[in-house]
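S.K.: Here's a structure for you.
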Amino acid sequence: MTQNIQSIPPFAGFGLGLRRTHYEDFLESAVPVDFVEVISENYMIEGGRQLRILEQVRSQYPVILHGVSMSIGSAGGLDQDHLARLKLLADRIEPLWVSDHLCWTRTSAHNSHDLLPMPLTEEALQAVCANIDRAQETLGRAMLFENPSSYLTFPEDEISEWEFLAEMARRTGCYLLLDVNNIYVSARNHGFSAEDYLAGLPLERVRQIHLAGHDPATPERDVIIDTHDREVADGVWDLYAKAIAMLPQPVATMIERDEHIPPLPDLLAELDKARGIASEALVPA
Amino acid sequence: MSDTLAERQAAFLAAILDERAPLPAAWGNRQAMGMQVYRGNYRSALIGALESTFERTCRYVGEAPFKQAAINHAIQHPPSGWTIDEAGKGFDATCAALFANNPEVAQLAWLEWAMLELATAPDCEALTPQAFAEATAGFADEDWMALRFDFQPRSTARGVTANLTGLWPALEEGAEIDRPEPILAQQRGCIAWREGERPTFKLVDDAAAAAFTQMQSGASYGEMILALAGDGSDPEAVQNAAMQAGAFLGDWLSEGMITALRA
């Protein structure tokens, strides 16, 4: 368990990822979101327009720092430079929270710049927890970690992904970022029940939900791919409603779009759909 | 693959980087299919990052040749840093080797990389011509000769033969300008720096770019003059070099490229 870190209180709201295409929208007028999320690494820079814009946006909205390169599952430990720069950014922005993924991206020699799957073993769990403890201690705050999409599982796996996440949260005191699309994608790719996955998680540790689109399987490729390049699929909306109904506390929900980014009103309409589904899911049957 | 997590991760990444690398004996078709997805993700992420950084170079050479150059670069220089932007480091050298008969390609790539670097460089205050005049008002000859400058972080210069000032706007997204003759009649210099938050560049005298690089590397004002004067034995040449150096300095100051003096 990471020592001396404060708990993260629940935050209820609906937000979007801040992307360059929408900078002017956010700077010119009020956008009806409760928070924005940015890719941490895009702002772990020394100066320039991009950093100034983030500070301007931060003065109007709560900001979440969401990383893609911490490589919390690397057997060789964390990248000192990455962690130091993330701390500088977090101290500068004072985010709602800082998150990354349960995955690894690099070895000491090379970086894949992709979210690679962890073997679900005790050895991997120990490596992940040691890295989380170090990250949380350095940052001086608890972090959220997101369940990844994956395209293969390992013969050496000893436990399920939800058991891994649950144990990781228990041992380190970290929180969970529930990517509902990723659960849907991995459940289809590996043949497990998405409902079992949800039921097996410590839901009281969830502080945020991600929703995104994916590329369905084809006759030539029997794998669903997490792409963030289109609207959220119906099956993911259904799972989102189930997750909201199961969660014991309110959470922050956001739509992720990283490719084929549409005009902001289109994303806001999709976010309204999330609001509606969440609202209905909370009505007692 | 081997037993420890570190060994498994090294082997997994090796299999992503090299499609000929063997997969673990215990793996079946599902794992092999999954590995194909990770290989595709790796390749498309790097190509996408390079297309984004070198968008003008891509438009200039065309999508297919650019993609081939990007794959070549990724194979020769697999990324190691935490930011994917670093994947573009050295891409100008890759272009120089692949497009040897078109030197403008590598020079365009060099400029796009310089502009990216400048966009995220530390913010700084330029030394104004007035502040410079005040700071050097009492300088004796030897003070001038020993004078050194700090330039904007990540500002850079080189000699070029490419018509960068013509190509740059013509290759902007959506530009409807005829592409200019890509090669200049004679070699010039190019200096890239930042105006406020905006990276910019201009073509200058080749000697000005060389002098900029020399002083950025720590040379003194006196050393710059001697370099411009050749062997320094001709007093008239030294006099002319001093005037040339003064003109360069005036330009650097008026453009805000100098941030501090070190006497």
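If you read the protein sequences in the order shown, they are chains A and B.
This note's numbering puts the first residue of the first sequence at 434, with every later residue one more than the last.
This note's numbering puts the first residue of the second sequence at 114, with every later residue one more than the last.
Glycine residues also receive a C-beta, built at the ideal position from the N, C-alpha and C atoms.
Taking the alpha carbon of V174(B) as the reference point, which residue from G203(B), A138(B), N214(B), R307(B) has its own alpha carbon closest?
M.R.: That would be N214(B), whose Cα lies nearest to the Cα of V174(B).
S.K.: Under 6 Å Cβ to Cβ from A183(B), same chain only, skipping five residues before and after it: list those, please.
M.R.: I160, L163
S.K.: Where A128(B) and T686(A) are concerned, what is the direct C-alpha to C-alpha distance, given to the nearest angstrom?
M.R.: When rounded, the distance between both Cα atoms is 36 Å.
S.K.: Taking C-alpha atoms, which residue in R574(A), T586(A), Y608(A) lies nearest to G141(B)?
M.R.: T586(A)
S.K.: Any idea which residues DSSP pairs D612(A) with across the strands?
M.R.: Within the DSSP bridge table, the entry for D612(A) names H643(A) as partners.
S.K.: With three or more C-beta pairs closer than 8 Å as the rule, is the stretch 649-666 of chain A touching the stretch 624-632 of chain A?
M.R.: no
S.K.: Does DSSP classify M114(B) as helix, strand or coil?
M.R.: Annotation note: pLDDT 44 at M114(B) (below 50); position unreliable, no value reported.
S.K.: Would DSSP call T554(A) helix, strand or coil?
M.R.: coil
S.K.: Below 7 Å on C-beta distance, what does Q352(B) contact in chain A?
M.R.: Per Cβ cutoff of 7 Å: no residues; Q352(B) is ~41 Å from chain A at best.
S.K.: From the DSSP output, in three-state form, read off I338(B) for me.
M.R.: helix
S.K.: Could you tell me whether the Cβ of Y584(A) comes closer than 8 Å to any Cβ of chain B?
M.R.: Taking Cβ atoms only, chain B reaches closer than 8 Å to Y584(A), which makes this a yes.
S.K.: Output yes if chain A places a C-beta closer than 8 Å to the C-beta of W306(B); else output no.
M.R.: no
S.K.: Just the C-alpha distance for T657(A) and A666(A), rounded to the nearest angstrom, thanks.
M.R.: What sits at residue 657(A) in the sequence shown is Ile, not Thr. Rounded to whole angstroms, I657(A) to A666(A) spans 12 Å at the Cα level.
S.K.: Excluding the five sequence neighbours on either side, which residues of its own chain have a C-beta within less than 7 Å of the C-beta of P87(B), listed in chain order?
M.R.: A question about residue 87(B) goes unanswered here, because the residues of chain B that appear run from 114 up to 376.
S.K.: Which residues in the same chain as E488(A) place their Cβ atom closer than 8 Å to its Cβ, once the five residues preceding and following it in sequence are excluded?
M.R.: R525, I526
S.K.: Below 6 Å CB to CB, which residues in the same chain sit around M114(B) once its five sequence neighbours on both sides are set aside?
M.R.: Residue confidence is low: M114(B) scores 44 on pLDDT, short of 50, so the model does not pin down where it sits. Its coordinate-derived value is still stated next. These residues qualify, in order along the chain: R121, A124, P137.
S.K.: For V466(A), which residues from the same chain have a beta carbon less than 6 Å from its beta carbon, with the 5 sequence-adjacent residues on both sides left out?
M.R.: G448, L449
S.K.: Let me know the secondary structure DSSP gives K520(A) once reduced to three states.
M.R.: helix
S.K.: Provide the residue(s) that pair with W306(B) in DSSP beta bridges, ordered along the chain.
M.R.: T313(B)
S.K.: Just to confirm, is the Cβ distance from P635(A) to A676(A) under 8 Å?
M.R.: With a cutoff of 8 Å on beta-carbon distance, P635(A) and A676(A) are scored as not near each other.
S.K.: Is it a yes or a no for the stretch 532-550 of chain A touching the stretch 489-501 of chain A, going by three-plus beta-carbon pairs under 8 Å?
M.R.: Yes, they touch.
S.K.: Would you verify that the beta carbon of I188(B) is, or is not, closer than 8 Å to some beta carbon of chain A?
M.R.: no
S.K.: Below 8 Å, how does it come out for the stretch 144-160 of chain B and the stretch 189-206 of chain B: are there three or more Cβ pairs, yes or no?
M.R.: yes
S.K.: Give me the subset of the stretch 539-562 of chain A whose CB atoms are less than 7 Å from a CB atom of chain B, sorted by chain position.
M.R.: T540, A542, H543, N544, S545, H546, D547, L549, P552, E556, A557, A560
S.K.: Evaluate R453(A) with the Cβ neighbour count: other Cβ atoms within 10 Å of its Cβ, from every protein chain shown; 16 or more gives buried, anything less gives exposed.
M.R.: Flag for R453(A) reads exposed.
S.K.: Does the beta carbon of W281(B) come closer than 8 Å to any beta carbon on chain D?
M.R.: Absence of chain D from the displayed structure is noted, the protein chains being A and B.
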